[in-house]
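Student:
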Amino acid sequence: MQSNHIPVHKLILLYIAKQAPGIRRSRLRDAALASLSMDYLDFSRVLEEVTASGLLSIAARQEESLLDAQDREVERCDLTGKGRRTLAALENQIPASTRRFLAAYLDERLSQRRAADTLSSVIEATSDGRYRLTCRQLDGEDGGFSFTILFPTEAMARKAGISWREQPASVFSALIESLLGEDEKMP
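What the sequence shown shows, in the numbering used here, is residues 320 to 506, in sequence order.
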């Protein structure tokens, strides 16, 4: 893409961060690319520029224990005060069609973002050489659901953790079926 689009590209990233506060870095990338306003190289360059200039902050949150599919801490993107002021002054330079698309795109994926943010899996080595996988699904103030399983190898624990994060409903159903037996029907 041409370099004269870079300022608009920056505004698009700021706009996405404004519409979805605390958006994961990977979802920021997905939304930016879905807008068809930039390619991956443009996104990477512009993201580096907006973070270096203090318009956007990207960091893992200390109070969260969420890991991504590669077992790395989830990084969140937030507008800084400088980013909010910049966007407020220049938001009208983003084409209206791009703003409409991004608003619809982000609304459509809001439930997916919330579901991903409520799931976690943590692996810890035990003193006897096994690996403890703790899977959680947070559900507001009521706590939610969690279970812990010991695995003989770290690879098995990682694979189970990935399955939990990618297919929690299937894992939950299989667990309930196993505990209740096949004679019981789920309500």
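Ideal placement from N, C-alpha and C gives every residue a C-beta, glycine not left out.
Who are the near neighbours of Ala493 in its chain, counting only those whose CB is closer than 6 Å to its CB and skipping five residues on each side?
Tutor: Same-chain partners within the cutoff: there are none.
Student: How close, in whole Å, do the beta carbons of Lys337 and Gly373 come, if the pair is a contact with beta carbons under 8 Å?
Tutor: The pair is not a contact, with the Cβ atoms about 16 Å apart (cut-off 8 Å).
Student: Would you call the segment 436 to 454 and the segment 351 to 360 in contact, with 3 or more CB pairs under 8 Å?
Tutor: The answer is no - the segment 351 to 360 does not touch the segment 436 to 454, with fewer than three Cβ pairs under 8 Å.
Student: Taking only the alpha-carbon atoms, compute the straight-line gap between Ala379 and Leu398 and give it to the nearest angstrom.
Tutor: 14 Å
Student: Ser354 and Ile331: beta carbons closer than 8 Å?
Tutor: yes
Student: Can you tell me which of the three DSSP states Thr417 falls into?
Tutor: In the three-state DSSP reduction, Thr417 falls in the helix class (H, G or I).
Student: Secondary structure at Gln456, three-state DSSP: helix, strand or coil?
Tutor: Annotated three-state conformation of Gln456 is strand, per DSSP.
Student: Please classify Ser497 as buried or exposed, where buried requires at least 16 other C-beta atoms within 10 Å of its C-beta.
Tutor: exposed
Student: If you drop the 5 nearest sequence neighbours on each side, which residues of the same chain put their C-beta closer than 6 Å to that of Lys329?
Tutor: Residues Val365, Val369 of the same chain have their beta carbon placed closer than 6 Å to that of Lys329, with the five preceding and five following residues left out of the count.
Student: Along the chain, where does the beta strand (DSSP E) containing Thr467 start, and where does it finish?
Tutor: 463 to 470
Student: Keeping to the same chain, check which residues put their C-beta closer than 7 Å to that of Phe420; ignore five residues upstream and five downstream.
Tutor: Closer than 7 Å at the Cβ level, and outside the excluded window around Phe420, lie Ser354.
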